[in-house]
Amino acid sequence: MKTKKLIDRIRAIFDEDLRNNQQLQQSLNEVLEKLRLKEKKILAELEHEPNAGRREALQLKIDLVHSQRKKGIALLKAAHADAGERKPKTDSQ
Numbered sequence: 003m004k005t006k007k008l009i010d011r012i013r014a015i016f017d018e019d020l021r022n023n024q025q026l027q028q029s030l031n032e033v034l035e036k037l038r039l040k041e042k043k044i045l046a047e048l049e050h051e052p053n054a055g056r057r058e059a060l061q062l063k064i065d066l067v068h069s070q071r072k073k074g075i076a077l078l079k080a081a082h083a084d085a086g087e088r089k090p091k092t093d094s095q
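Using my numbering, read the sequence shown as starting at 3 and increasing by one per residue.
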């Protein structure tokens, strides 16, 4: 393991904000994965549904899950950016 990576790990252990940010990122990744699978499942169900009323209801569910995923991805990107700001910049020469 390289020195920079070791330093980042040690910094994460001692920096509570960074540790909380990493936990937030991990939980967001888990939720986003579940939402992605749920969206795929509903989409597959929609493809095989002959009833027009039921298809419309399924499409509304898909739209809802998709918007939740988009919000979650935006939160994850913000958390990544926040974690990047916390790391001190090192001069590599």
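The C-beta atom is built at its ideal place from N, Cα and C for all residues, glycine as well.
Please list the terminal residues of the continuous alpha helix (DSSP H) segment that includes residue i.
{"i": "lysine 7", "result": "5 to 16"}
For residue i, does the count of other Cβ atoms within 10 angstroms reach 16, so buried, or fall short, so exposed?
{"i": "isoleucine 15", "result": "exposed"}
{"i": "alanine 80", "result": "exposed"}
{"i": "serine 94", "result": "Note that serine 94 has pLDDT 49, beneath the 50 cutoff, so the model's placement of it is unreliable and no number is given."}
Residue i and residue j look like a contact to me (Cβ under 8 angstroms); what is the Cβ gap, rounded to whole Å?
{"i": "isoleucine 44", "j": "lysine 72", "result": "Between lysine 72 and isoleucine 44 the Cβ distance is about 16 angstroms, and since that is not below 8 angstroms, they are no contact."}
{"i": "leucine 37", "j": "glutamine 70", "result": "6 angstroms"}
{"i": "glycine 74", "j": "leucine 30", "result": "6 angstroms"}
{"i": "glutamate 51", "j": "leucine 39", "result": "At roughly 19 angstroms, the Cβ-Cβ gap does not stay under 8 angstroms, so glutamate 51 and leucine 39 are not in contact."}
Complete runs of the alpha helix (DSSP H) confined to the stretch 51 to 90 [at least 4 residues]: 54 to 88
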